[in-house]
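Top to bottom, those sequences are chains A and B.
The opening position of the first sequence corresponds to residue 3 in the working numbering, with each subsequent residue numbered one higher.
The opening position of the second sequence corresponds to residue 7 in the working numbering, with each subsequent residue numbered one higher.
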Amino acid sequence: MARQHGYKGEVATDETGAGTTFLPVASINAWTLDTARDRVDVTCFGDAQKQYVQGLSDLKGTFAGIWDPTTTPGQIFKIAMGDVPVYLRLTPSTLTATNFFKGLAYLDASINVAVNGAVTIAGTFASAGPWTLEPPPV
Amino acid sequence: MADSSDIDNALIAKLGSDAALLALMPNGVYWGVAPPDSTRFVIVSLVDEADEWTFGGRAAEDAVYLVKAVGLSTTNPDMKAAAARIDALLDGGTLAAAGYTLMAMRREVRIRPPVEVDDVDPKIRWYHRGGHYRVTMALGA
Chain A
3 MARQHGYKGE VATDETGAGT TFLPVASINA WTLDTARDRV DVTCFGDAQK QYVQGLSDLK
63 GTFAGIWDPT TTPGQIFKIA MGDVPVYLRL TPSTLTATNF FKGLAYLDAS INVAVNGAVT
123 IAGTFASAGP WTLEPPPV
Chain B
7 MADSSDIDNA LIAKLGSDAA LLALMPNGVY WGVAPPDSTR FVIVSLVDEA DEWTFGGRAA
67 EDAVYLVKAV GLSTTNPDMK AAAARIDALL DGGTLAAAGY TLMAMRREVR IRPPVEVDDV
127 DPKIRWYHRG GHYRVTMALG A
């Protein structure tokens with residue numbers, strides 16, 4: 003498998019929450035996903051080094067893009083300002099479109115308007131259910 | 007398919023079709039260099055350009071153009087009025103190019119370099135006045 007560039011990344015959503023019919027979100031240019039897990043320090047006297055036990059994944063991430071008045075309100079802000087979690091599909095590269103992360107998420111969104119630049123948007127999300135990596139790693 | 011050169015052409019066409027500017031600079035508006043024997047004209051050239059990307063492809067093109075009136079001193083060019091007319095047309099103005107939608111057009115800096123004196127004949131002097139104009143176009147009509 004070749005290494006990949008991010009220019010063919012994609013963020014897609016399924017607003018029905020079924021996780022089966024995804025529509026790409028327009029004008030997005032970045033996303034991140036953090037699968038960090040809770041870790042508790044259980045180091046005791048006599049241990050040779052610190053020790054931890056591991057808890058659940060606190061999955062969350064970010065996205066960013068450029069405001070498009072024809073698509074951004076419906077594809078981003080409607081979800082962020084609503085109460086229903088959305089199914090997210092995050093694809094590192096659509097050149098290998100079968101490799102992606104997906105799961106339910108709550109979305110937050112922000113908009114940045116400056117006199118000297120394009121109107122941009124950004125947001126964060128956090129898991130609202132189980133997430134999977136497709137295809138499952140072997 | 008959007009063609010970046012159409013933005014350059016649109017800028018030239020906008021300036022070159024303005025009767026008030028042509029009255030001041032009757033030789034016309036040119037890309038880079040004016041034809042021989044021109045004495046009062048407007049020059050447009052690309053100073054800097056950067057593309058803005060989204061996952062779907064190029065989303066916007068952000069270009070800075072040098073736009074300046076150039077006049078030979080012996081023709082008594084009204085450089086003040088010419089630069090003001092360029093600014094009136096471009097700063098906050100409209101620009102139509104096939105495949106693009108204008109996001110913003112405005113002056114970033116004004117320019118008025120020292121009078122250019124000819125190396126061979128010091129009686130030949132050229133005036134330059136205008137500005138750097140940032141033109142930001144979104145792809146898609």
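Glycine included, C-beta positions come from ideal geometry on N, C-alpha and C.
Taken in chain order, the unbroken stretches of beta strand (DSSP E) that lie wholly in the segment 22-99 of chain A and span 3 residues or more are 30-36, 39-43, 54-59, 62-68, 88-93.
The C-alpha of A/Lys10 is placed about 7 Å away from the C-alpha of A/Leu97. Chain A has no Cβ within less than 8 Å of the Cβ of B/Thr45. Exclusion of the five residues before and after A/Asp16 leaves Thr23, Phe24, Tyr89 as the residues of its chain whose Cβ lies within less than 6 Å of its Cβ. In the structure shown, the three-state DSSP call for B/Asp12 is helix.
Under the three-state reduction of DSSP output, B/Ile117 falls in the strand class.
Close CB contacts of B/Asp54 within its chain, under the 8 Å cut and outside five residues either way in sequence, are with Ala69, Val70 (chain order). Within chain A, Ala120 have C-beta atoms less than 8 Å from the C-beta of B/Met109, given in sequence order.
Within the DSSP secondary-structure output, B/Asp68 pairs in a beta bridge with B/Ala56, B/Thr142. Across the structure, B/Ile130 and B/Leu95 are spaced so that their CA atoms are roughly 30 Å apart. Using a 10 angstroms sphere on the CB of A/Ala20, the tally of other CB atoms stays under 16, which defines it as exposed. The Cβ atoms of A/Gly63 and A/Phe127 sit closer than 8 Å to each other. Chain-ordered, the chain A residues with CB closer than 9 Å to the CB of B/Glu58 read Asn31, Ile68, Ala120. With respect to the C-alpha of A/Phe102, the residue from A/Pro139, A/Gly119, A/Pro71, A/Thr73 having the closest C-alpha is A/Pro139.
Listed along chain B are Gly62, each with a C-beta nearer than 7 Å to that of A/Ala28.
By the C-beta criterion, the segment 133-141 of chain B is judged to be in contact with the segment 63-82 of chain B, since at least 3 inter-stretch pairs fall below 8 Å. Under the DSSP assignment, B/Leu101 falls outside any beta strand (DSSP E); it carries neither an H nor an E label. DSSP assignment within the segment 22-53 of chain B yields the following whole alpha helix (DSSP H) runs of 4 residues or more, N-terminal first: 25-30. Here A/Gly8 carries a helix assignment [DSSP, helix/strand/coil].
Around the beta carbon of A/Phe47, fewer than 16 other beta carbons lie within 10 angstroms, which makes this residue exposed. In summary, no residue of the segment 71-105 of chain B has a CB separated from any CB of chain A by less than 7 Å. Around A/Glu136, no beta-carbon contact reaches into chain B at under 9 Å, the shortest distance being about 18 Å. The residue among B/Asp9, B/Ala25, B/Asn15, B/Thr60 with its C-alpha nearest the C-alpha of B/Ile92 is B/Ala25. With respect to the 8 Å criterion, B/Leu21 and B/Val50 are classified as neighbours on the basis of their beta carbons. Taking the Cα of B/Asp127 as reference, the smallest distance to any Cα among B/Trp59, B/Met109, B/Thr80 is reached at B/Thr80.
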